[in-house]
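Here the UniProt record's numbering is used: the first residue of the sequence shown is 1, the next is one more, and so on.
Where is the CB? At the ideal position from N, CA and C, for every residue including glycine.
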Amino acid sequence: MREELVKLRIANPHKIVVVPLGLELERYLKIENNGPGNRDYKSIGIIGRLVPVKNHKMFLDAAKKLKDTLSSVQRMKFLIVGDGPLRQELEEYARRLGIQQNVVFTGWLEDLEKVYPQLDIVTLTSLNEGTPVALIEAQAAACPCVATNVGGVTDVVEDGRSGFLVPPHDIDKFIEALLKLLNNPELAKSLGEFGRERMKNKFNKTCLFRDTEYLYEELLLCKKRLL
């Protein structure tokens, strides 16, 4: 995120500081990372507003290809959590792809701590993004993530450690990353556990308070030096 702000030249680089978002993560950190458990299917989810910038059609196109590729060996389920002006269009698109039986549009849900245990992978296909709260929560719940490499996503997902980052619009790389996790449960579990530890240490509210306080102290010290 800082690198993007520097490139935009909105201020001198030495004046740009990014303080990571701090969230109430306790309810997600309590979730056990048991993988599919007793489920006879694997599930992939995407969480967010149903608007153009989120690029949900890429998710649905990937769902179609994964369903066709894995149909003989693995049952698949795809959850689209959220709502917005594109819902009807996306539901129709899923029907045209012939995957309506595999895709669930849940609408808005308040109790996401009940959703993450049902997901083996959480994705993001955005064309642009600030700080993706859904990916912070997902990783706190020990879900590995596959996301497009845009905006603040790189600050949240550590490529190859807590998930995989792919270029926007690159559906082949997106599917490749998903298959890597689907075919390697131990890798998925390892990435999920690393992501959880990283979210706990970097994106909790205590860190936000500490980092903000430190920034103000630094600014006050700089001002005193100028007086």
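Rounded to whole angstroms, F194 and A142 show a C-alpha spacing of 8 Å. Note on geometry: alpha-carbon atoms of E186 and C222 lie some 49 Å from one another. Secondary structure of F174 (DSSP, three-state): helix. Counting along the chain, the unbroken alpha helix (DSSP H) around L29 starts and ends at E26 to L29. When DSSP states are grouped into helix, strand and coil, D111 belongs to the coil group. Contact between the region 109 to 117 and the region 137 to 154 is present, with at least three C-beta pairs closer than 8 Å. If one requires a minimum length of 4 residues, the alpha helix (DSSP H) runs lying completely within the region 76 to 138 are 87 to 97, in chain order. Going by beta carbons, N128 and V157 fall outside the 8 Å limit. Y41 counts as exposed, since fewer than 16 other C-beta atoms from the protein chains shown sit within 10 angstroms of its C-beta. Each residue's CA atom was taken as its position, placing Q100 and V81 some 15 Å apart. The alpha-carbon separation between I136 and I171 amounts to approximately 23 Å.
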